[in-house]
Amino acid sequence: MQASPTWVDKVQDKSEQCIYDLCFNPDGTQLVIAAGQQVLVYETNEGTLIQPLKGHKDIVYCVCYARDGKKFASGSADKSVIIWTSRLEGILKYSHNEAVQAMQFNPVSHQLLSCSLSDIALWSPEQKAVVKHKSRGRVNCCAWTNDGQYLAIGLASGYVSIRNKNGEEQTRIDRQNGIPIWSLLWNRQWEDLAEVLCIAEWNGTLSFYSISGKSLGKDRQLNFMPLKMCNFAGDQYILISGSNRQCLLMTYDGIQLINIGGTFSSWVWSCAVHPNSTHVALGCQDGTITYLQLSWDVIHGLYGDRYAYRENMTDVIIQNLITNQKVRIKCKDLIYRIAVYRNRLAVQLSERVIIYEPSNSNDGMHYRIYEKLNQTLNCNLLVVTTNNLILCTERQLQSLSFNGTIEREWILDGLITYIKVVGGPIGQECLNVGLNTGYIVKIYLDNPFPAYIIKVEGSVRCLDISSLKEKIAVVSDHGVLSVFDLYTEEKLQEFQNVNSVTFNNSFEDIMCFSSGEYLAIKVGDFAEYRQKFSGLVMGHNESKVYCLNGSSIVTLEVPLSLFMYQYIDIGLFSNAYNMACLGVADSDWFALGTAALENLELNIAYSSFARIKNLKYIEVLSEVEEKLKSGEWGREACMATAAAAMGKLKDAAKLFQKAGLQQYALTMYSDLRMFDIAQEFIVSGNNQDRTILLRKRAEWAKSLGEPRAAAEMFLSAGDVDRAINIIAEYGWIDMLIKVGRQLDKADRDNLTVIAKKLKKLGATHGAAEIFNRLGDDPDVADVLVEAQAWPEAFELAERNPKLKARIYGPYARWLAETGHFSEAQEAFQIAGQSDESVMVLIMLARNAVTEKRFRDASYFYWLLSQISLNLNKTVHELQTMFLQYYEKAEIYYAYHEVHKYVEEPFTSLMPEALFNIARFLLTKTENIQIEGVSRFTIIYTLLKQASLLDANKLTMQLLEKLRKTKIPVNQLSQLEISNLNARASSYRDPEELLPLCYKCSTFNPLLPSNNQGQCVQCGLKFQYSFVMFEILPLVEFELEENISDEEAEKLINDSLSSSDDITTTNQFSVTSEIDLFTARLMKYEEKSSSSTIIVGRNVLKSMDPCTVLIIKWPKPFKTKYFKNLLPDLQITFCKSCLKLFHSDDYELALLRHGYCPFCRTVNKISN
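Set out below in structure tokens:
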């Protein structure tokens, strides 16, 4: 490091000359100095005194500037603090009880901390007042942290107080008792710590602490009294001035590096660092003000792509200039020199030299210590080889082993100005040494005799040797670059105004040199390439040039493609290829490959195209090489292929014709869609070539967006399948049908494709037409079904009965999807798919239950019961399946009203009807679980109606049932009210609500224990009207075994005509016959053991046909007979579903809906 004085001035104050403190304003244009009783303000560039500020009456000890640049302050022994503006005007003055010793502005809030012998004060423009705190001792120094949150004050009693920004003490650091703390400094460079406090004591001790008061590192002992400390270069270094009459540069952790500015004539009391440059201001006891500019020496070394340089004075950075990867080595001492060679790195420190080598890492960028030489070496230049250190001192060269032994020594005839390690075996490395006499000396480490090889005019500034050791380039201090042939010692070239030179380490004929204004690349005998550049060239690796610009290394990419093209122009393809290998663009590789191909330099062309992975040209090369080796092609054909590959079509066509290969010319032009030109190369009568050309033309038309023309061309070329695909892709139905009609029936494959395409396009009739041509009725059926063209499909089924299942099955599913369930069942029957019909209806029924459409679910289950009778099963299985579906239909039919009552706010049914429906459902769902049917909903509905009808006994019974049921919260209160009402009333049910058995005249309980829908006395099964669900006055009877259904029906109907005659002739006998059925009932009342009434012919004859209902159930079930015991109450039934109704209710339902409410069949009333 060098320190150059920019200006020096001396205070001419007679009373006091000592410069106790100084500071810069934030932009560095002014320097404020505490000099005697005045504050002096200097302009920093020229050192001109701007103005002396007078306001203090005694010595000024301290000055400081606010970071916002608006104000600065001064403190004096007159116990006062003055605030000055940036315009050098005093705006505020306040006092302490004692002399002001130190002050500093908060870097964030710009609050001023001022310290006296007995107290500290905090002032800010916002407070408009000064807040003072007792210091409990003399304060010598103070410092704010960089974030402005904490302050530190150093006391003469030997301790440091760390306080918050309000002045409240947080931590106390006790140092040596009685030794004053003279200077404080916060530093941010320490790892893992935001701020570290550096403490300087009067006895020369330097220590480091964290904000919490924890000691860090080790104490550093100075041999002088440190008077002032300040940070330098972004906190990387510390400047310390003191009683040794010097200013020292130290690392942030206290390692002494170098003296700045030399030794002065008196103590250096103050120092300050320029905020924006490397200038430093020093103030001495004798009044001298010195303004220094510091400059850094570049300590570095380069070998290949490894660059090592000094950073922070004590660290070595090794950088890979290709990958830009960096590694830091911390030496913790001032680094004087660095040398790099192969796998060796030598670092010279103040008292030792450390040799490093790469460790065994993948990237080779991690170093370990190879050897240490604990000696102080005095030398001008340092060079390292594999096993030796080379020291240069003026005329002398010494070769030292790594343990410090001097192995060899050379005394030369002039001062050594430059050393270059050329290479060589281990221990026999060659050195090229430049002297101030202009000689270039070659020295081998194992040879004591130097060899003088070349001489230039002037002192040698720089030299380098080419990669093959055939040329040497030397730059003299006159700026002349001379290039010599090492074998003949002949001067080959000379250039003026050059300051550095280097050869490319990969190519013998490339040399790079620089002047103060440009960088030049010289290749062979070609003119050099220049570009603007300011700096020194240090190395040239492939296409990268390593240059030193100021103190930093810069990697430049230089264009080498220009020289590659120059080699191509003179036919040196090998040199052009070597040049391209150093780094050119893909387009340049392609140009080299095509030029080599054109000249049949196949190896270079192949390597060039392989570099850019151009498979097309590699295939061309392989073809050309194969044809050449086999002798099949001559030079013209090979040249034609090369010309075609490079786009020289006319030349290629002529060469193909010359070689007798017109077919290749035809292929070339047709591949390039130049069909008119290709037509000229078709030999007359060659239809095959004409067809191939037509196909290619069709493909080209398709790619151009002219599919119709392409399809017509494909048809002309005989490619019917490709034409069909194009026509179908664009949906041209008429054109597709036309092609289908024109094709021969024998072309079944294409006709089938056309039919399928038409089917996919929705052209039903066209597809059917083509399938008819093929005689393929099943496919015709599929087309008609898919198009839902049912009339045509039915006609086809009539002609071909085998297709009924194929047509009527989909038709039935379509009917079911559109809601025509009855028609769907008929269609399923025609198709012979009863099982599928069952599956469809089960799915529809389940969906209806899920969607709570219970009437629809009832209807679907009724349809299932009818279809199940036609299944191929045993009689028992048929009966079981029928009854299962039939009972589900009844339950869902009735549950519809209950669900509607619970879910909807209003109902059209009377309470008695809902009461009957709920009792019916409760009976039917006893001990079984029906999907979608809630037992709670049924019981709740019955409970509500029972409460309305005063059936208190039933209410209590139902409430007891609900005890085991989880009741919804919203209905719990209603049930509790019903419970209270029932308990408050008598425990009975109205007699008019009790079910009456018309067989035994017994009143049944509303909630019997067996609950099977039968009389508890005689077991008669109750019959319900399927509108209001009242119990009908019907008694079922059976026929004697020897009476058939036809005879019974005849006997009942004949009794009507014969009864008139009997009435007139024998009144007594008639009475006995008419009462025969009643007599049978009387017999039951006399405890008959059988609950089934079986009647004979006499009873049948005596019955009034108007009181008998004959219900003919489908096979395998028997016909059922019922006697109406109340003839005045008309009862009817639906002939489709066989359900019983009150005639009035049924008639009203037919008028409302137009069909039976249970099976939805349009019926007439049957009595």
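Mapping of the sequence shown onto the UniProt record's numbering: residues 1 to 1167, in sequence order. Backbone N, C-alpha and C define an ideal beta-carbon position, used for all residues, glycine too.
message: Helix, strand or coil, according to DSSP, for residue 1143 in the structure here?
response: Helix at residue 1143.
Counted within 10 angstroms of its Cβ, other Cβ atoms place residue 1141 as buried (16 or more) or exposed: Buried.
field: Cut-off 7 Å between Cβ atoms - residues of its own chain near residue 628, not counting five sequence neighbours on either side
entry: Only residues of its own chain outside the window of five on either side were considered, and among them 638 have a CB closer than 7 Å to the CB of residue 628, listed in chain order.
query: Under the DSSP definition of a beta bridge, which residues are partnered with residue 10?
result: Residue 10 pairs with 288.
task: Taking residue 200 and residue 206 to be in contact with their CB atoms under 8 Å, please state how far apart those CB atoms are, rounded to whole angstroms.
output: Confirmed, about 6 Å.
query: Taking C-alpha atoms, which residue in 354, 326, 345 lies nearest to residue 332?
result: Residue 332 has its Cα closest to that of 354, out of 354, 326, 345.
query: With respect to the alpha helix (DSSP H) encompassing residue 586, which residues constitute its N-terminal and C-terminal limits?
result: First-last of the alpha helix (DSSP H) with residue 586: 586-598.
message: From the DSSP secondary-structure annotation, give me the bridge partner or partners of residue 187.
response: Residue 187 is bridged to 196.
query: What three-state label does DSSP hand residue 114 in the structure shown?
result: In the structure shown, residue 114 sits in a strand (DSSP, three-state: E or B).
message: Taking the beta carbon of residue 389 as the centre, do at least 16 other beta carbons fall within 10 Å, making it buried, or is it exposed?
response: By the 10 Å Cβ count, residue 389 comes out buried.
query: What are the boundary residues of the alpha helix (DSSP H) that residue 623 is part of?
result: DSSP places residue 623 inside the alpha helix (DSSP H), whose first and last residues are 615-630.
Alpha helix (DSSP H) runs wholly inside the segment 498-571, at least 4 long, in chain order: Taking only runs of at least 4 residues, the alpha helix (DSSP H) segments lying wholly in the segment 498-571 are 561-569.
message: Given this structure, state the Cα-to-Cα distance separating residue 164 from residue 144, to the nearest angstrom.
response: Residue 164 and residue 144: Cα-Cα distance of roughly 10 Å.
- request: Determine, using beta carbons only, whether residue 878 and residue 869 come nearer to each other than 9 Å.
  value: Cβ distance < 9 Å, so residue 878 and residue 869 count as in contact.
Alpha-carbon spacing of residue 426 relative to residue 400, whole angstroms: Residue 400 has its alpha-carbon roughly 14 Å from the corresponding atom of residue 426.
query: Residue range of the beta strand (DSSP E) that residue 278 falls in?
result: Per DSSP, residue 278 belongs to no beta strand (DSSP E) and is neither H nor E.
message: Taking its Cβ as the centre, do 16 or more other Cβ atoms sit within 10 Å of residue 268, making it buried, or is it exposed?
response: Sixteen is the threshold: when 16 or more other Cβ atoms of the shown chains lie within 10 Å of the Cβ of residue 268, as they do, the residue is buried.
message: For a quick check, are the C-beta atoms of residue 57 and residue 80 less than 9 Å apart?
response: The Cβ-Cβ distance between residue 57 and residue 80 falls below 9 Å.
message: Between residue 383 and residue 421, how many whole angstroms is the CB-CB distance? I'm expecting something under 8 Å.
response: Contact between residue 383 and residue 421 is confirmed by a C-beta separation of about 6 Å, below the 8 Å threshold.
- request: Report, in whole angstroms, the separation of the C-beta atoms of residue 259 and residue 246, which I expect to be a contact under 8 Å.
  value: Correct: roughly 5 Å between the Cβ atoms.
Own chain partners of residue 370 with C-beta closer than 8 Å, once the 5 adjacent residues on each side are dropped: Taken in chain order, the residues that qualify are 344, 355, 356, 357, 402.
- request: Could you check which residue in 791, 778, 814 has the C-alpha nearest to that of residue 806?
  value: Relative to residue 806, the option among 791, 778, 814 whose CA is nearest is 778.
message: Quick check: the Cα distance between residue 524 and residue 26, rounded to an integer number of angstroms?
response: In this structure, the straight-line span from the alpha carbon of residue 524 to that of residue 26 is close to 56 Å.
query: Of all the options 252, 114, 1013, which has the alpha carbon lying nearest to the alpha carbon of residue 133?
result: Looking at the Cα atoms, 114 is the closest of the given residues.
- prompt: Is the segment 975-994 touching the segment 891-902 in the sense that three or more CB pairs, one from each, lie closer than 8 Å?
  reply: Put simply, the segment 891-902 does not touch the segment 975-994. Fewer than three CB pairs are less than 8 Å apart.
- request: Please state whether DSSP places residue 214 in a helix, a strand or coil.
  value: In the structure shown, residue 214 sits in coil (DSSP, three-state: anything other than H, G, I, E or B).
task: Using beta-carbon positions only, say whether residue 42 and residue 283 come within less than 9 Å of one another.
output: One thing to note: residue 42 has its Cβ no nearer than 9 Å to the Cβ of residue 283.
- request: Take every Cβ of the segment 171-179, pair it with every Cβ of the segment 119-127, and state whether three or more of those distances are shorter than 8 Å.
  value: Contact fails: fewer than three Cβ-Cβ distances are below 8 Å.
- request: Have a look at residue 888 and residue 927 and give me their C-alpha separation to the nearest angstrom.
  value: A direct Cα-to-Cα measurement between residue 888 and residue 927 gives close to 14 Å.
task: Output the distance between the C-alpha atoms of residue 1086 and residue 812, rounded to the nearest integer angstrom.
output: Unreliable positioning characterises residue 1086 in this predicted model, as indicated by a pLDDT of 41, which lies under 50. A coordinate reading is not provided.
- prompt: Within 10 angstroms of its Cβ, does residue 1029 collect 16 or more other Cβ (buried), or is it exposed?
  reply: So residue 1029 ends up on the buried side.
- prompt: If you count every other CB in all the chains shown that lies within 10 Å of the CB of residue 585, and 16 or more means buried, which is it?
  reply: Exposed: under 16 other Cβ atoms inside 10 Å.
- request: Measure the CB-CB distance between residue 591 and residue 577 and report whether it falls below 9 Å.
  value: Cβ atoms of residue 591 and residue 577: not closer than 9 Å.
task: Could you check the C-alpha separation between residue 336 and residue 318 for me, to the nearest Å?
output: Spanning the two alpha carbons is a distance of roughly 16 Å.
message: Quick check on the DSSP output: the beta strand (DSSP E) that includes residue 21 runs from which residue to which?
response: Counting along the chain, the beta strand (DSSP E) containing residue 21 begins and ends at 19-24.
message: Given this structure, state the Cα-to-Cα distance separating residue 624 from residue 610, to the nearest angstrom.
response: Each residue's Cα considered, the two are about 16 Å apart.
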